[in-house]
Amino acid sequence: MNGATLTPSLMVSEVARAFGRHQVLRSVTFAARTGEMVGIVGENGAGKSTLLRIIAGLLPPSRGRVDLRGRIGYCPQEPQVHLGLTVAQNLEWFRAAYRLSDGGRTEALVDALALRQHLTALVSDVSGGTRQKLNLLLALMHDPEILLLDEPYQGFDWETYLGFWGLAEEFRRAGRVIVVISHLFFERGRFDTLLRLRDGVVAPEAAA
Amino acid sequence: MISQSLTALRLSLMEQKHNHFAMLLLALYLPAWYGIIYGLTDNASIGFKLRAFNVFVATSQHRLGLLTGMLNATTLIMGFVALTGVRRSAPVDRRLVLCGYSRAGLITGRFAALAVASTLVAAYAVAVLAAFTPPRHPGVVFAGTFGAVLTYAAVGVLVGVAARGDLEGFFLIIMLSLVDTFLQNPIGNPAANRVVVEYFPSYLPMQIVAGGAIADRVAWWQFWGSLGWAVGLGILGLLGFWHRTRIARPHA
Chain A
0 MNGATLTPSL
10 MVSEVARAFG
20 RHQVLRSVTF
30 AARTGEMVGI
40 VGENGAGKST
50 LLRIIAGLLP
60 PSRGRVDLRG
70 RIGYCPQEPQ
80 VHLGLTVAQN
90 LEWFRAAYRL
100 SDGGRTEALV
110 DALALRQHLT
120 ALVSDVSGGT
130 RQKLNLLLAL
140 MHDPEILLLD
150 EPYQGFDWET
160 YLGFWGLAEE
170 FRRAGRVIVV
180 ISHLFFERGR
190 FDTLLRLRDG
200 VVAPEAAA
Chain B
0 MISQSLTALR
10 LSLMEQKHNH
20 FAMLLLALYL
30 PAWYGIIYGL
40 TDNASIGFKL
50 RAFNVFVATS
60 QHRLGLLTGM
70 LNATTLIMGF
80 VALTGVRRSA
90 PVDRRLVLCG
100 YSRAGLITGR
110 FAALAVASTL
120 VAAYAVAVLA
130 AFTPPRHPGV
140 VFAGTFGAVL
150 TYAAVGVLVG
160 VAARGDLEGF
170 FLIIMLSLVD
180 TFLQNPIGNP
190 AANRVVVEYF
200 PSYLPMQIVA
210 GGAIADRVAW
220 WQFWGSLGWA
230 VGLGILGLLG
240 FWHRTRIARP
250 HA
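Chains as they are written, first to last, in numbering that gives the first Met the number 0: chain A, 0 to 207; chain B, 0 to 251.
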């Protein structure tokens, strides 16, 4: 566990969630410590995104609790950005939300994600990959202690994909907790802990 | 919160500016609609009842048609602008609140932007109207149009948070605006001067607009009444917006 300490920053305890009669999560329990990168895998519809939304605070659990120590950076699966504004204006919205007087890590991340040339472009006019980069940047710009990333690299080209993992490593080394929902088998080796979500519960999965 | 309200107001206005379809509707549809109405009506005289004074005023079908057409077009456009704004921004607004944006600040900014847009749309509609038929009292006509446009901005927000899909929302706005403004027009609707029309949102604005455009009589309580419609519907929309942006932050 690269640099992980024993203090859990994220504690998910017996979380359950149903939508009507459909029980998506039955009892999910796991913890993540500072500097730990956790991967969550599972089939389509297993409830991975629902679990992340509950951890982020977008959905209340039907039962159970989530304890967090630190600020969250949540990157949803589908880019949630203002299409009718430029990339820079989107950054301005979220700078105001995070109350960042100096922009936080924004400038460094704009360069790391190669977004500078798109700053003045309307989001509706840029490619899906660029929207996804913005989606990710909005989750990282306030330097959160806990990163919740729901397949954050969809639409990325290979170079940007590798750049993303470089960034994730950087955050891990800085002692951040990173929870990533992943579909890709070959990514398994990147995680300190790999959990498989199946039938509404998580179980440890052997990392590659 | 004030700083966040101002940011929300400014960026919401920028978003509306980038709503190219709405801009196109304003630039082309409004004058084209005036032109069509002008072409389809004639100079024959028709009576319109100013109910606050219990008097009939005579005017041409051209003028009356243009006045109801203006309310029809502007309410439709503003309802569409508000609806698309609410529906497009709903997930991002929720994300903003999750990231710490004050809900009150966000909502204040969003609603203030709709009020500013309503002012601009009403002013533009009256200016274009003047090219076809100069109103006697443009300020009064603007006030009536503003009341109608603001009311439909509130309708757009309400429908935006309540409708399940975009299509249902558009259909509701179109039908409501069409039925509402058609009922106020005695050219197409013989019942326009009957009491039943009083229960529709564009009744008070139409009375103000007609009073200012074709007569010299204005009952200003009607203007405040039309703002009452906007505020009432706006509060319902606000409650829906508040509900839609709720989060369940789990940490203590």
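Think of the CB as a built atom: it goes at the ideal place given N, C-alpha and C, for glycine as much as any other residue. Small disclaimer: the values here were computed from a predicted structure and weren't measured.
How would you list, in chain order, the residues of chain A whose beta-carbon sits under 8 Å from the beta-carbon of B/Thr6?
Glu91, Trp92 and Ala95
What distance in whole Å lies between the Cβ atoms of A/Leu51 and A/Asp149, which are believed to be in contact at a cut-off of 8 Å?
The distance from the Cβ of A/Asp149 to that of A/Leu51 is about 5 Å, consistent with a contact at the 8 Å cut-off.
Once you ignore the five residues that flank B/Ala81 on each side, which residues in its own chain have a CB closer than 7 Å to its CB?
Leu113, Ala152, Gly155, Val156 and Gly159
Can you grab the Cα-Cα spacing for the pair A/Trp164 / B/Val125, in whole Å?
57 Å
Closer than 8 Å, CB to CB, is B/Leu82 near chain A or not?
Chain A, which has no Cβ nearer than 8 Å to the Cβ of B/Leu82, makes this no.
Please list, in chain order, all residues of the same chain as B/Thr150 whose beta carbon is under 7 Å from its beta carbon, the five residues on each side excluded.
Pro200, Ser225, Trp228, Ala229 and Leu232
Which residue marks the beginning of the alpha helix (DSSP H) containing B/Met0, and which one marks its end?
B/Met0 -> no alpha helix (DSSP H), and no H or E assigned at all.
Chain A beta carbons: is any one of them nearer than 8 Å to that of B/Val91?
yes
Please check if any C-beta of chain B sits within less than 8 Å of the C-beta of A/His117.
no
Would you list, in chain order, the members of the stretch 11 to 33 of chain B that have their beta-carbon closer than 7 Å to a beta-carbon of chain A?
Contact annotation: in the stretch 11 to 33 of chain B, residues whose CB is within less than 7 Å of a CB in chain A are Met13, Glu14, His17 and Asn18.
Helix, strand or coil: which one does DSSP assign to A/Tyr73?
In the three-state reduction of the DSSP assignment, A/Tyr73 falls in the strand class.
Output, in sequence order along the chain, the residues in the stretch 45 to 61 of chain A whose CB is closer than 8 Å to any CB in chain B.
Ile53, Ile54, Ala55, Gly56, Leu57, Leu58, Pro59 and Pro60
Which residues in the same chain as A/Gly128 place their Cβ atom closer than 8 Å to its Cβ, once the five residues preceding and following it in sequence are excluded?
Gly154, Phe155, Asp156 and Thr159
B/Ile246 versus chain A: which residues are under 8 Å apart at the beta carbon?
Gly56 and Leu57
If the cut-off is 9 Å on Cβ atoms, which residues from the stretch 111 to 134 of chain B count as contacting chain A, listed in chain order?
none
Nearest by alpha-carbon distance to B/Arg193: which of B/Ile36, B/Asn18, B/Leu29 and B/Gly46 is it?
It is B/Gly46.
Closer than 8 Å, CB to CB, is B/Tyr100 near chain A or not?
For B/Tyr100, the answer is yes, since a Cβ of chain A falls inside 8 Å of its Cβ.
In terms of alpha-carbon separation, which member of A/Ile180, A/Arg62, A/Ala202 and A/Arg68 lies closest to A/Gly174?
A/Arg68
For chain B, check one thing: does any of its Cβ atoms lie closer than 8 Å to the Cβ of A/Gly80?
Checking the sequence shown, residue 80 of chain A turns out to be Val, not Gly. Yes, contact with chain B.
On the DSSP bridge list, what partners appear for A/Gly56?
None; A/Gly56 has no bridge partner.
State the DSSP-derived secondary structure class of A/Arg187, mapped to helix, strand or coil.
helix
What three-state label does DSSP hand A/Met140 in the structure shown?
Coil at A/Met140, not helix or strand.
Report yes or no: do the stretch 87 to 106 of chain B and the stretch 166 to 186 of chain B share at least 3 C-beta pairs separated by less than 8 Å?
no
Below 7 Å CB to CB, which residues in the same chain sit around B/Ser117 once its five sequence neighbours on both sides are set aside?
Met77, Phe145, Val148, Leu149 and Ala152
What do you reckon, are the CB atoms on A/Val23 and A/Arg32 nearer than 8 Å?
Not in contact: A/Val23 and A/Arg32 (Cβ atoms no closer than 8 Å).
Indicate the three-state DSSP secondary structure (helix, strand or coil) for A/Pro151 in the structure shown.
coil
Under the three-state reduction of DSSP, which class applies to B/Arg93: helix, strand or coil?
helix
Output yes if chain B places a C-beta closer than 8 Å to the C-beta of A/Ala120; else output no.
no
Along chain A, in chain order, which residues have C-beta atoms closer than 9 Å to that of B/Arg87?
His81, Leu82 and Gly83
I want to see whether chain A comes within less than 8 Å of B/Arg163, judged by CB atoms only; does it?
no
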